[in-house]
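One structure is given here, and the rest of the page talks about it.
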Amino acid sequence: MNEHKTDRLVVPPDAVAQVAACLQRLMADSNASLSMVIDRSGRVIASESRDPRSGIADLGVLIAAAYSSLQEIARLLREENFQTILHEGLRERIVTETIDARWLLVVLFDEQVQVGLVRVLTRRTASTLAAILDLQQQPPKFSRQRQKQFRRAAQDTIDLIFGKDPEGPDRERT
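All residue numbers for the sequence shown refer to my numbering, where the first residue is 138 and numbers rise by one.
The following block contains the structure:
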């Protein structure tokens, strides 16, 4: 799996794999035909589909645009936001659920699947995904020892670039 960049955030392959596993379970539990996580600009972080589909990236962008316009409607109505959005067609339905403020969970299903079931499962999955994706926003924590090692490695690299002996007499010990 590849890393996915989203709003200057890199979602590493192991997190993408966790997201994909959540999407697979959601699809199995709800009998949905497609599930995906997109960022607010519409970039697909991960997607799962029962059948091969083309245009998933386009679908992500269009759903994100629709979501943004509905959030503007919410603002005009003095609502904080619309957490869950349902689009119903003759054959297909789409539930979009907000994951924190940065991502959207999108679930596509047909008219034979219960809307209420999908909404409950989508909300539960969004909570799980929020925990996974929230970890990606936190900067890594370094111990003091690790900081010293990093500082020493950086200083050694600078010394090598400028031709100083890293073990020379003017070397400051950290």
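Each residue gets a CB set at the ideal place from its N, CA and C atoms; glycine is no exception. None of these values were measured; they are calculated from a predicted model.
Pull the bridge partners of residue i from the DSSP assignment, please.
| i | result |
| --- | --- |
| F246 | R230 |
| S186 | L171 |
| L223 | V232 |
| D176 | W240 |
| V181 | I175 |
Do you know how far the Cα of residue j is from the Cα of residue i?
| i | j | result |
| --- | --- | --- |
| R230 | R260 | 16 Å |
| R145 | S167 | In this prediction, R145 has a pLDDT of 47, which is less than 50 and means its spatial position is unreliable; what the coordinates show is noted afterwards. Cα-Cα distance, rounded: 32 Å. |
| T265 | L297 | 47 Å |
| G179 | F299 | 45 Å |
| M138 | A154 | Residue confidence for M138 is low, a pLDDT of 45 falling below 50, so the modelled location carries little weight and cannot support an answer. |
| A238 | A291 | 36 Å |
| L214 | S205 | 14 Å |
| H224 | A169 | 14 Å |
| A267 | S191 | 27 Å |
| A158 | L270 | 13 Å |
| T221 | E209 | 14 Å |
| R212 | A202 | 15 Å |
| F287 | T233 | 43 Å |
| T143 | V198 | For T143, the pLDDT reaches just 47, beneath the cut-off of 50, and the residue's location in the model is therefore unreliable, although a value from the coordinates is still provided. Approximately 13 Å between the Cα atoms of the pair. |
| V252 | V148 | 30 Å |
| Q282 | R289 | 11 Å |
| V250 | L207 | 25 Å |
| Q284 | I295 | 16 Å |
Between the options, which has its C-alpha nearest residue i's C-alpha?
| i | options | result |
| --- | --- | --- |
| D151 | S172, I182, A165 and L171 | I182 |
| L227 | E216, E217, T221 and E248 | E248 |
| A89 | S184, A203 and D188 | Outside the shown range of the chain (138 to 311) lies residue 89, about which nothing can therefore be said. |
| S186 | R289, L258, V198 and R162 | R162 |
| I236 | V252, F219 and K285 | F219 |
| M164 | R256, Q282 and T294 | R256 |
| L171 | V148, Q284 and L196 | L196 |
| L160 | R281, T294, L258 and R289 | L258 |
What residue does the alpha helix (DSSP H) around residue i start on, and which one ends it?
| i | result |
| --- | --- |
| R212 | I193 to L213 |
message = Pairs of beta-carbons, one from the segment 229-246 and one from the segment 168-181, closer than 8 Å: are there three or more?
response = They touch, by the three-pair rule.
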